[in-house]
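A.B. asks: First the structure, which I've put down as structure tokens, then a few questions once you've had a look.
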Amino acid sequence: MAILPSLQQLRFLCALAEQRHFGRAAENCAVTQSTLSGGIKELEARLGITLFERSQRQVMLTPLGKEIATRAQRLLVDAEEMVGLARNAQEPLSGPLRFGVIPTVGPYVLPSLLSHLGTALPKLKLYVREAPTTVLLDKLASGELDILLVAIPYGLGDVEAMEMAEDPIVVAMPRNHPLRHHKVVTRDDLAREQLLLIEDGHCLRSQSLQACRIVDPVRNEVFQATSLRTLVQMVAAELGITLMPQIAVASELASTRNVVIRPLSPDKPFRTLVLAWRPTTSRGAEFRMLGNLIRECLTGTKRAFAPDQDIEALAAR
Numbered sequence: 001m002a003i004l005p006s007l008q009q010l011r012f013l014c015a016l017a018e019q020r021h022f023g024r025a026a027e028n029c030a031v032t033q034s035t036l037s038g039g040i041k042e043l044e045a046r047l048g049i050t051l052f053e054r055s056q057r058q059v060m061l062t063p064l065g066k067e068i069a070t071r072a073q074r075l076l077v078d079a080e081e082m083v084g085l086a087r088n089a090q091e092p093l094s095g096p097l098r099f100g101v102i103p104t105v106g107p108y109v110l111p112s113l114l115s116h117l118g119t120a121l122p123k124l125k126l127y128v129r130e131a132p133t134t135v136l137l138d139k140l141a142s143g144e145l146d147i148l149l150v151a152i153p154y155g156l157g158d159v160e161a162m163e164m165a166e167d168p169i170v171v172a173m174p175r176n177h178p179l180r181h182h183k184v185v186t187r188d189d190l191a192r193e194q195l196l197l198i199e200d201g202h203c204l205r206s207q208s209l210q211a212c213r214i215v216d217p218v219r220n221e222v223f224q225a226t227s228l229r230t231l232v233q234m235v236a237a238e239l240g241i242t243l244m245p246q247i248a249v250a251s252e253l254a255s256t257r258n259v260v261i262r263p264l265s266p267d268k269p270f271r272t273l274v275l276a277w278r279p280t281t282s283r284g285a286e287f288r289m290l291g292n293l294i295r296e297c298l299t300g301t302k303r304a305f306a307p308d309q310d311i312e313a314l315a316a317r
């Protein structure tokens, strides 16, 4: 029988493949650099091949090393799934859970959500990673994350998804803007305005344009921001108007009095928050239980998710 690599050696391999640096890889694995280096050498000796090209300036995977690192990552995911399956059969929603969330959702839901889950699931240990959707999806596929809270419309690929709540897209404008007199803003109104949008790469950008059916944003776009907070500051400085999710309104407008919100007409466009996980995971039933708790929190305690009542109240300001 062949002598197989250990899971620790495979973990060392994947860490070094990602970091391309022995020191950082060792830190990620919570071992010394000499321990990690020794483990990689033992793995290469056991397999009879060279996995990395080493020089004073860089560490680079060999072509065969890259293929083996990809397979090693899959093996580690399967091993973790096996342990998780056994643990959660005894007590669901306990132990560690690696949770990804997008930046246009995380700051506005995590404070109340983490408190809610902490009370309902005291044995669940959430490790939260905030990043754009594309990054989160890659980490979900590779097994670095277990579950995501993201927003659609956006192509999520091969995942299983559970809808959490609708989040209306609204218009933010300076308090002295002519459109402040409108109870609602139409797409024709937007086409005539200097529209400020979040930069390319953020799913909120494509969601806003798609929801509002804006085909040619370059024509009326004068600025791209890296965050919603920057967008709101630019609006407050009277440099244009912007589209933003209603979930962010209370938080982002708390520090300025020079921005007002109006709903969009006629169909009140929205994005949908969804919980997503790998379809191959053994924890699907457990994640649906978690989804029910998250939905309960978002729809039961977050004012931003009562669109009819809230938009009318905001429009009246």
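Using full-length UniProt numbering, read the sequence shown as starting at 1 and increasing by one per residue.
Even for Gly, the Cβ is constructed at its ideal location relative to N, Cα and C.
1) Helix, strand or coil for Lys123 per DSSP?
2) So, are the CB atoms of Leu75 and Leu13 less than 8 Å apart?
3) Check whether the region 254 to 264 touches the region 136 to 155, taking contact to mean three or more Cβ pairs, one atom from each stretch, closer than 8 Å.
4) Ordered along the chain, which non-local residues of its own chain (more than five positions away) have a Cβ less than 8 Å from that of Tyr127?
5) Taking the C-alpha atoms as reference points, what is the distance between Arg11 and Ala131?
6) Reducing DSSP to helix, strand and coil, say where Ile152 ends up.
7) Span of the alpha helix (DSSP H) holding Leu243?
8) With a 10 Å radius around its C-beta and 16 neighbouring C-beta atoms as the bar for buried, classify Arg271 as buried or exposed.
9) Looking at C-alpha atoms only, which residue of Leu124, Arg54 and Gly48 is the closest neighbour of Gly84?
10) Checking the sheet assignment: what are the DSSP bridge partners for Gly48?
11) Select from Cys203, Gly118, Gln58 and Val109 the residue whose C-alpha is nearest the C-alpha of Leu136.
12) Where do the ends of the alpha helix (DSSP H) carrying Pro144 lie?
13) I need the DSSP call for Val109, collapsed to helix, strand or coil.
14) In three-state terms, what does DSSP make of Gly23?
15) Please classify Leu145 as buried or exposed, where buried requires at least 16 other C-beta atoms within 10 Å of its C-beta.
16) Using CA atoms only, rank isn't needed, just tell me which of His181, Glu81, Val259 and Leu231 is closest to Arg205.
17) Does Leu75 come out as helix, strand or coil in the three-state DSSP assignment?
18) Quick check on Gln58: buried or exposed, where buried means 16 or more other Cβ atoms within 10 Å of its Cβ?
19) Taking only the alpha-carbon atoms, compute the straight-line gap between Lys302 and Val109 and give it to the nearest angstrom.
20) Strictly by DSSP, which residues pair up with Ile261?
21) Ignore the nearest five residues each way along the sequence and tell me which others in Val274's own chain have a CB closer than 8 Å to its CB.
22) Rounded to whole angstroms, what is the Cα-Cα separation between Arg229 and Glu252?
23) On the three-state DSSP scale, how would you describe Leu114?
24) Within a Cβ cutoff of 7 Å, which residues of the same chain sit near Arg219, ignoring the five residues on either side of it in sequence?
C.D. replies: The short version:
1) coil
2) no
3) no
4) Pro96, Leu97, Arg98 and Phe99
5) 23 Å
6) strand
7) Element bounds for Leu243: not the alpha helix (DSSP H) but the beta strand (DSSP E), Ile241 to Pro245.
8) buried
9) Leu124
10) Answer is none; Gly48 lacks a bridge partner.
11) Cys203
12) Per the sequence shown, residue 144 should be read as Glu rather than Pro. From DSSP, Glu144 is part of no alpha helix (DSSP H); its letter is neither H nor E.
13) helix
14) helix
15) buried
16) Leu231
17) helix
18) exposed
19) Because Lys302 sits at a pLDDT of 40, beneath the cut-off of 50, its placement in the model cannot be relied upon, and the following sentence gives the value as read from the coordinates. Lys302 and Val109: Cα-Cα distance of roughly 8 Å.
20) Ala172
21) Leu149, Val150, Ala151, Ile152, Leu156, Ala161, Met162, Glu163 and Met164
22) 6 Å
23) helix
24) At Arg219, the pLDDT of 44 sits below 50, so the modelled position is not reliable; the number obtained from the coordinates is stated separately. Excluding positions up to five away in sequence, the list is empty.
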